[in-house]
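Quick notes on the structure that follows.
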Ligand code: PXP
C-alpha cells in the first residue's frame, strides 16, 4: 500500500499514560505513578509520552505534568481543550507538542474529533499563541476533508485522526463499516499529507486493530493508551509496549 514517492519511515509510538493516573485516583495517594509508567515506556522504546490534562482532572493532575516535563526525557504531547486555563499551563511548561481535543464534561472519553470547521475563530488564537511559544500544534479531528482544510487554514503542524469508529467497527465484527471507516482514514492521511500536515492517528487502538493503521504510509505517529495500560495488568507494561511496537514495525515492512 506504499504511496508513490513516500518512504515508509519508522512510525513513532506515543504512549498515553492517562489511565495509570485513573487507577491511582481511584484510591487517592501516589500509586500507581504515571511518571514511573512514562519511565518504563521510555525504556521499552516509546517515542513520546501523551497525557491529557482534563478540566476535571479525572486522571492526569497538574503535578504529573510538572514531573513529566522535569523527569522524563521523551517529548511530551499534552492533550488539552482550547481553554484559557489550559493555554496558560501549556505556555508555562512548553511541552514538545499540544494536541487540541474536544472536551465534554459528561463524556467517558474523547468520543469524537474536534469540529475545527465550526470552531475556527475560537481555535485560531490558541494555535497562534502555542506556535509562537515554539510548541508544535496538533488538532484531533475526524477524518474528513473539511476538517483537514480548516486545520491547514489554521496553520497547525499536525493532524491526529480519531480512529475510534474504525476500532469499534472492527471489534463489533461489522466488516462493511470497518472497511468504510478505514478507507476514510486512509484518504484523510493522503489528503493531510498533501496539504503539508504531519499525520498521526489514535484512539481505541489495540493489538487487533493497530496493524492496518500502522501500514498507512502517511502515518508518522500513533498515540495509544487505554489498551496498553489495560494489557499491562496481564502481561506487564514493558511487554505490552514491546508487542505494540513489534506489530507497528511489522506493518511497516
Ligand atoms: N489520541 C488522542 C488525541 C486522545 O484523546 C486519546 C485518548 O485520550 C488517545 C490518542 C489514546 O486513546 P486510547 O486511550 O483509546 O488509546
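Residue numbers (this note's numbering): 2 to 254. All C-beta atoms in this analysis are idealised placements derived from N, C-alpha and C, irrespective of residue type, glycine included.
By the 10 Å Cβ neighbour count, where 16 or more other Cβ atoms means buried, how is residue 22 classified, buried or exposed?
With 16 or more other Cβ atoms within 10 Å, it is buried.
Span of the beta strand (DSSP E), counted from its first residue to its last, around residue 157
First-last for residue 157: undefined, no H or E at that position.
Among 252, 247 and 254, nearest to residue 47 - alpha-carbon criterion:
With distances taken between Cα atoms, residue 47 lies closest to 247.
Does DSSP put residue 141 in a helix, in a strand, or in coil?
In the displayed model, residue 141 falls within a strand according to three-state DSSP.
Buried versus exposed call for residue 171 [16 or more other C-beta atoms within 10 Å across all chains shown]
By the neighbour-count rule (16 or more Cβ atoms within 10 Å), residue 171 is buried.
Kindly examine the ligand PXP and report whether one of its heavy atoms sits closer than 6 Å to the Cβ of residue 162.
Checking the Cβ of residue 162 against the ligand PXP gives no.
Between which two residues does the beta strand (DSSP E) containing residue 13 stretch?
Run containing residue 13: 13 to 17, per the beta strand (DSSP E) assignment.
Using a Cβ-Cβ cut-off of 7 Å (strictly less than) and excluding sequence neighbours within five positions of residue 2, which residues of its own chain qualify?
Low per-residue confidence applies at residue 2: pLDDT is 43, beneath 50, and the placement is therefore not dependable enough to give any value.
Checking the sheet assignment: what are the DSSP bridge partners for residue 81?
Answer is 101.
In this structure, how does DSSP classify residue 203 when only helix, strand and coil are distinguished?
If DSSP states are grouped into helix, strand and coil, residue 203 belongs with the strands.
Considering only heavy atoms of the ligand PXP, does any lie closer than 6 Å to the CB of residue 197?
Checking every heavy atom of the ligand PXP against the Cβ of residue 197, none is found closer than 6 Å.
Secondary structure at residue 61, three-state DSSP: helix, strand or coil?
For residue 61, the secondary structure class from DSSP, reduced to helix, strand or coil, is coil.
Assign residue 213 to one of three DSSP states: helix, strand, or coil.
Secondary structure of residue 213 (DSSP, three-state): helix.
The ligand PXP and residue 50: does any heavy atom of the ligand fall closer than 6 Å to the residue's C-beta?
Flag unset: Cβ of residue 50 not near the ligand PXP.
Can the beta-carbon of residue 53 be found closer than 7 Å to that of residue 85?
Against a cut-off of 7 Å, the Cβ pair of residue 85 and residue 53 comes out as no contact.
So which of 17, 186, 40 and 24 has the shortest CA-CA distance to residue 145?
For residue 145, the nearest C-alpha among the options comes from 186.
What are the boundary residues of the alpha helix (DSSP H) that includes residue 41?
Note, residue 41: alpha helix (DSSP H), 35 to 44.
Taking 6 Å as the cut-off, is the CB of residue 97 close to at least one heavy atom of the ligand PXP?
Because no heavy atom of the ligand PXP lies under 6 Å away, the Cβ of residue 97 does not count as near it: no.
Using the beta-carbon count (16 or more within 10 Å), is residue 78 buried or exposed?
Residue 78 counts as buried, since at least 16 other C-beta atoms from the protein chains shown sit within 10 angstroms of its C-beta.
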